[in-house]
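J.:
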Amino acid sequence: MEKRYYSEYSQCLDRNMDFIVYGHSGVPLLVFPAQDGHPQDYENFGMVDVIKDKIENGYVQLFCVGSIDEESYSDEMGDKARRSYLLEQFYYYICDEILPRIKEINGTGKMIYTTGCSLGATHATNMMLRRPDLFMGCVALSGYYDTDLFFGQYVDENIYNNSPLKYLNGMSRNHPYVDLYNQRHIILCCGQGAWEDEMVKSTELMKETFDRLSVNAWCDFWGSDVNHDWPWWRKQLPYFLGHIL
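When you line the sequence shown up against our numbering, it's residues 322 to 566, in that order.
Below, the structure is given as structure tokens:
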């Protein structure tokens with residue numbers, strides 16, 4: 322399997338950011354790490370290996386990015402306005418800097434999908450829903466789709482813009498994004514086992530919101546034995562990618 326490392330300066334984040342590319346061609350899949358994670362985490366936790374056949378056969382090409390969660394979501398004692406600013410800068414980093422590089426490296430002209438587990442699923446869903454003109458869909462595993470777990474009741478413009486449940490509930494059914502959403506593949510999945518309680522509640526709220534907007538999203542709830550953990554995400558990823566590819 323072809324594997325390439327990149328470390329490039331980000332104007333948006335004013336630092337070098339790393340990403341890893343797995344594969345030589347195929348549908349580009351932008352991978353966000355779990356909370357406070359790094360580009361190599363996806364491989365280290367066995368997620369690359371479970372779709373190795375799809376990568377080697379040129380069906381999919383992975384682009385695994387890093388995060389700045391430690392300064393935004395996770396810095397719960399930090400200044401909330403500064404944290405929300407960094408959250409928005411991360412959005413611009415992805416859309417303005419990483420996406421052009423993905424298109425350049427991938428070279429197929431195919432639209433990009435997003436994916437991630439836990440907080441990575443939150444990023445993946447948020448990016449896709451904010452920019453359905455840029456992304457073809459998302460596969461979000463065990464995500465939480467609001468900011469209140471990390472920011473409490475604090476809300477500013479940046480928080481609103483990075484909270485899918487907030488901005489979707491502020492969206493009318495005739496919003497032009499609704500038509501775009503229905504041309505995309507939106508997949509949200511969570512288990513109902515250990516450490517999934519908050520994710521179940523959040524995914525249920527997303528389902529209700531999609532239903533209100535008449536958006537044809539797939540919100541899938543797996544069983545009570547399905548925990549918020551890598552062994553289950555390793556089962557879910559190839560299952561849902563099989564439906565997309």
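Cβ coordinates follow ideal geometry from the N, Cα and C atoms, glycine included.
So is TRP516 buried or exposed if we call it buried at 16+ other beta carbons inside 10 Å?
T.: exposed
J.: List the DSSP bridge partners of LYS571.
T.: Because the chain in this structure spans residues 322 to 566, residue 571 falls outside the shown range and cannot be described.
J.: Over what stretch of residues does the beta strand (DSSP E) that includes PRO349 continue unbroken?
T.: 348 to 353
J.: Taking DSSP as the reference, what is the three-state secondary structure of TYR290?
T.: With the chain covering 322 to 566 only, the question about residue 290 has no answer from this structure.
J.: How about the segment 493 to 502 and the segment 539 to 554: do they share at least three Cβ pairs that are nearer than 8 Å?
T.: no
J.: Among all the DSSP beta bridges, which residues are the ones paired with ASP541?
T.: CYS510
J.: Under 9 Å between the Cβ atoms of LEU343 and LEU383?
T.: For clarity, residue 343 is Tyr in the given sequence; the question names Leu instead. Going by C-beta atoms, TYR343 is nearer than 9 Å to LEU383.
J.: Look up CYS459 in the DSSP assignment and say whether it is helix, strand or coil.
T.: strand
J.: Mind checking which residues open and close the alpha helix (DSSP H) that includes LEU566?
T.: Neither: LEU566 is in no alpha helix (DSSP H) and is coded neither H nor E.
J.: Based on Cα-Cα distance, which residue from TYR413, ASN490, SER439 and SER388 lies nearest to GLU529?
T.: ASN490
J.: Going by DSSP, what residues sit across from GLN382 in a beta bridge?
T.: PRO349
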